[in-house]
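Note that the protein sequences, when read in sequence, are chains W and P. 29 is the number of the first residue of the first sequence in the working numbering; add one for each residue after it. 29 is the number of the first residue of the second sequence in the working numbering; add one for each residue after it. By construction, the Cβ of each residue, glycine as well, lies at the ideal position given by its N, Cα and C atoms. So the structure is just underneath, and the comments pick up after that.
Number of protein chains: 2
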Amino acid sequence: MVPHLVTALTGPINELEQRILDSMPAIERWFRLEWMEHTPPFYCSVDVRNAGFKLAPVDTNLFPVAWQNLTPAMLPLAVQAAMAAIEKICPEARNLLIVPQNHTQNTFYLSNLAQLRRVFHMAGLNVRIGSINPAIKKSTTIELLHGEAITLEPVIRTKGRIGVKDFDPCTILLNNDLSAGVPGILEDLHEQYLLPPLHAGWSTRHNSTHFKCYEEVAKRFGKLIGVDAWLINPLFDRCGSIDFSTDDGMQQLTRGVDVLLAKIKKKYKEYGIKEKPFVVVKADNRSNGMGIMTVRDSKELAVLQKTAPELSGPQDIILQEGVLTHERMHDAVAEPVVYLMDRYVVGGFYRVHAQRNIDENLNAPGARYVPLAFAESTHLPQPGVRPGASAPNRFYMYGVIARLAMLAASYELEATDPEAENYA
Amino acid sequence: MVPHLVTALTGPINELEQRILDSMPAIERWFRLEWMEHTPPFYCSVDVRNAGFKLAPVDTNLFPVAWQNLTPAMLPLAVQAAMAAIEKICPEARNLLIVPQNHTQNTFYLSNLAQLRRVFHMAGLNVRIGSINPAIKKSTTIELLHGEAITLEPVIRTKGRIGVKDFDPCTILLNNDLSAGVPGILEDLHEQYLLPPLHAGWSTRHNSTHFKCYEEVAKRFGKLIGVDAWLINPLFDRCGSIDFSTDDGMQQLTRGVDVLLAKIKKKYKEYGIKEKPFVVVKADNRSNGMGIMTVRDSKELAVLQKTAPELSGPQDIILQEGVLTHERMHDAVAEPVVYLMDRYVVGGFYRVHAQRNIDENLNAPGARYVPLAFAESTHLPQPGVRPGASAPNRFYMYGVIARLAMLAASYELEATDPEAENYA
């Protein structure tokens, strides 16, 4: 079940693993106290990259998909976490409506919906799937593998509520990242619990806000366990608004990349790291459709200018320290993806991409998913085992990093809550 | 992993299974609402017996032992439930002291302690084991299998608190059923959380109080899902104080047994059950050392009179409808034992006894324990599978019955709380 870990078995990452393992009671207590003050996002998946010398979350998804990749052995943890989450939010809940993405043909995505439906049904809710896809005009059933089927029903809007025919939910679970903006049909649902809230959508979120919050979390965590926060925190620069079609814009970008690369080089030198540093250039806000670019030298940026005409006008850009992944499965580059529900790590898998390099984004067409025994592993570290030699200890560490990212998302959602002033 | 279930595959138990499965969302919601009003015992194990036509809890243990029989696959659920429990009771907790039974040689029991220590350590606590055995005068380490060891440390009492050397816990976990009475060293610990409370001990508990509470729970549950509560509730009679050495006492007992047997026969007739009814005679309060006796006819009671001289004076007796177990593993009689922590089913196993009959108590020397895939199973019922044919569905049903017993224990602890008037 456990993949061959080819992560470097010596060096800073193993010290980090040892430190995290030794500090386990303090870490768990710290999380407990944080969750007293901050509400976890309802669910979340975190892409983690392990460079051997550094470990960091690179993407925190508040509308996690691909739940179908969780193995049956992991499901009970998800069900139990779902029970805990529902109990806190709405113990009297009977009916849950899942609002999915608009895919109707993508069977991977539909299997993801079937898995979510299973988890919440097992947790004791009646679950229906309400599509906001205008093409879904009537109840539509799509057959999946293993005799499973998904029925998409058109969402019906009434004042302050949504539902589907003969089904009035008290809670709406969004599995649609709203990157195309918030549709009117989801606005002003004052009579229902909408989870996660609309401002968790990519039309509102900014990478820079998330990573600013993560930086704060990582610093406090570093202090708690006595390690340099850089070991778990990618440096970044909120480059601001850049117009790729202008020389001014490109100069600003080049300067930003050079400054960030210099900072990374300094850190690499401090730790005696021989790898070539790189920077990732991405949109601060995801909804503009701009891709993720890996830059090892600011000279490579010229490529961006060529693609600039596709992007209209100035773009909000974030530059982020790239984190290599040194994990591999059968020669393919791999990165762990950790799944969380409420405050609990409930599972995970490896995203594996045979055609990508260790410094490239793996979340791209061609990726495969390898289920992992995360469920057993993250909760069952083995004290006393040599760092790097124990998969459960490594997965415990991944679970901790993923929870730090989830905590950062919680800070982020508080900071960006449009109704926050109402509570103040 | 799943045992061969030889439970009758037709008849009332399969209808019950179907009804429970169909009502899953309603059942889970009902539990959620109950746990809003009532605090679950911290942890608990429930012996369940399945007669094919009837399913009932026969023992609800508030100081569960034998945790070592839970498989590694079940541990993550226990850890996650322990996290949830601690978070509610004392999120700022750092240190947990386990107060065990006084065994120092029983390696099974010591392995149980090692497992509990593991669960709470993984949940993020520093755990030590503080013995109240007067023979433990200094820190004593006992080696177990697989390189594990248990260190028993003498409990140190200070005003309002207990601890062990250099270790001041905020929470005390009792794993000692206090059947010999509450030792003074555990009284008046007003500055610490004592879990479960002292009145959960067998020196205070009465079987009749528990089963009275269970009867109430079973009736409400029966109404919820539309089944006769008798299908999950053993009839009982709190016989009162009986002096076995007197003819008056024996007459009273005989009358009680006859009346109860007649009631059971009536129910058997109603359901067309051909089995021979029987009654279990046991002490209402466990601490007097009286055994459990199976009585098929009141004439068999004469045996009790012979053993009477061993029991001094009048005894509080409870008569309970015996529940057969029709489950077997490899010809040995078996009964499931379900483990719960906080409000969650976290695992279970089969207790198997090759030398006992289907109407006898299996919790006796010679019993073996067969771990079961309860963890995966109780949370993962399979809707649409024929009743009796799906182990996960059967285990889900067992988990429901065990939770009913736990809920009854919660009612019981409220009713017997010596400090209850302080809150009124």
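Closest Cα partner of residue i within the set the options
i      : options                        : result
V361/W : H381/W, P85/W, M369/W          : H381/W
G158/P : L125/P, V76/P, S231/P, L222/P  : L125/P
E363/W : A228/W, L173/W, P85/W, E120/W  : P85/W
K166/W : E181/W, I160/W, H174/W, L172/W : E181/W
N235/W : I260/W, C198/W, Y221/W, C267/W : C267/W
A109/P : F148/P, R122/P, F249/P         : F148/P
C118/P : E298/W, P225/W, M64/W          : M64/W
K310/P : Q279/P, K302/P, I270/P         : I270/P
P420/P : F70/W, E62/W, M150/W           : M150/W
Y397/W : P53/W, Q96/W, E43/W            : Q96/W
E62/P  : I164/W, A395/W, I345/W, E120/W : E120/W
K116/P : R60/W, I386/W, L98/W, P446/W   : R60/W
M278/W : K294/W, A228/W, Q343/W         : Q343/W
E457/W : F195/W, H66/W, R57/W, L98/W    : Shown here, chain W extends from 29 to 452; a query on residue 457/W therefore has no answer.
Cutoff 7 Å; reference residue i; Cβ partners in own chain excluding five residues on either side
i      : result
V285/P : V307, V323, S326, L329, L347
P68/W  : D370, R371, M434, S438
L288/W : L263, D265, V307, L347, E349
I292/W : L263, P305, E349
P128/P : L141, I157, S159, N203, N204
I213/W : I160, V183, R185, I190
Enclosing beta strand (DSSP E) for residue i [first to last residue]
i      : result
M318/P : Where M318/P is concerned, there is no enclosing beta strand (DSSP E), given that its DSSP letter is neither H nor E.
G376/W : 372 to 381
Q108/P : Segment 103 to 117 is the alpha helix (DSSP H) holding Q108/P; no beta strand (DSSP E) there.
T361/W : Residue 361/W is actually Val in this sequence, not Thr. Residues 360 to 369.
Q129/P : Premise fails: Q129/P is in no beta strand (DSSP E) and is neither H nor E.
C267/W : 264 to 270
Q348/W : 343 to 349
G158/P : 154 to 159
L201/P : 199 to 203
L222/P : 221 to 223
T169/P : 168 to 171
D87/W  : 83 to 89
Residue range of the unbroken alpha helix (DSSP H) whose run includes residue i
i      : result
G11/P  : Because chain P in this structure spans residues 29 to 452, residue 11/P falls outside the shown range and cannot be described.
I260/W : No alpha helix (DSSP H) contains I260/W, which DSSP labels as neither H nor E.
P53/W  : 52 to 65
N235/W : 235 to 253
L141/W : 135 to 150
Chain-order list of residues whose beta-carbon lies under 6 Å from that of residue i (same chain, five-residue window excluded)
i      : result
Y24/W  : No statement about residue 24/W is possible, as the shown extent of chain W runs from 29 to 452 and does not include it.
T35/W  : Below a pLDDT of 50, predicted positions are generally treated as unreliable, and T35/W, at 42, falls in that range; the measurement from the model is reported next regardless. Cβ neighbours of T35/W beyond the five flanking positions: N78, G80, H354, E355.
N89/W  : S73
V93/P  : N140
H407/W : Reliability fails at H407/W, whose pLDDT of 49 lies under 50, so the model's placement of it is uncertain and the value that follows must be treated cautiously. Cβ neighbours of H407/W beyond the five flanking positions: none.
Supposed contact pair residue j and residue i - C-beta distance, whole angstroms, cut 8 Å
i      : j      : result
F239/W : F264/W : 5 Å
A177/W : T169/W : 5 Å
V255/W : S231/W : With a Cβ gap of about 36 Å, V255/W and S231/W do not count as contacting.
L206/P : L226/P : 7 Å
R379/P : L390/P : 5 Å
L105/W : P104/P : 6 Å
N313/W : P197/W : With 8 Å as the limit, N313/W and P197/W do not qualify as a contact, their Cβ atoms being about 30 Å apart.
Residues of its chain near residue i, where Cβ-Cβ distance is below 8 Å and the 5 sequence neighbours each way are ignored
i      : result
G152/P : M111, I114
V428/P : I48, I55
A392/W : H381, R384
A443/W : T237, C241
L173/P : T135, S139
D359/W : A382
L432/W : P85, Y242, V245, A246, F249, I260
I164/P : T132, L180, E181, P182
L44/P  : L83, V255, L259, I260, M425
Q280/P : C267, G268, I270
T274/W : none
**OP:** Quick one: which residues of the segment 140 to 171 of chain W get their C-beta closer than 9 Å to a C-beta of chain P? List them in chain order.
**Re:** Those would be R146, H149, M150, A151, G152, L153, N154, V155, in chain order.
Subject >> Short-range partners of chain W found in the segment 419 to 431 of chain P, where Cβ spacing is below 8 Å >> reply: Residues: none.
**OP:** Give, in chain order, every residue of the segment 84 to 110 of chain W whose Cβ lies closer than 8 Å to some Cβ of chain P.
**Re:** Along the segment 84 to 110 of chain W, going in chain order, the ones with a CB nearer than 8 Å to a CB of chain P are P100, A101, L103, P104, L105, V107, Q108, A109.
**OP:** Pull out every residue of the segment 216 to 237 of chain P whose Cβ sits closer than 7 Å to any Cβ of chain W, in chain order.
**Re:** Cβ contacts with chain W: none found.
Original post:
Mind listing which residues of the segment 342 to 366 of chain P have their C-beta closer than 8 Å to chain W's C-betas, in chain order?
Top reply: If you check each beta-carbon in the segment 342 to 366 of chain P against every beta-carbon of chain W, none falls closer than 8 Å.
**OP:** Note down, in chain order, all residues in the segment 111 to 141 of chain W with a beta-carbon under 8 Å from any beta-carbon belonging to chain C.
**Re:** Given the protein chain composition of this structure (W and P), no chain C is represented.
Original post:
Using a beta-carbon distance cut-off of less than 9 Å, what residues from the segment 59 to 87 of chain W approach chain P?
Top reply: From the segment 59 to 87 of chain W, only F59, R60, L61, W63, M64 have a Cβ closer than 9 Å to chain P.
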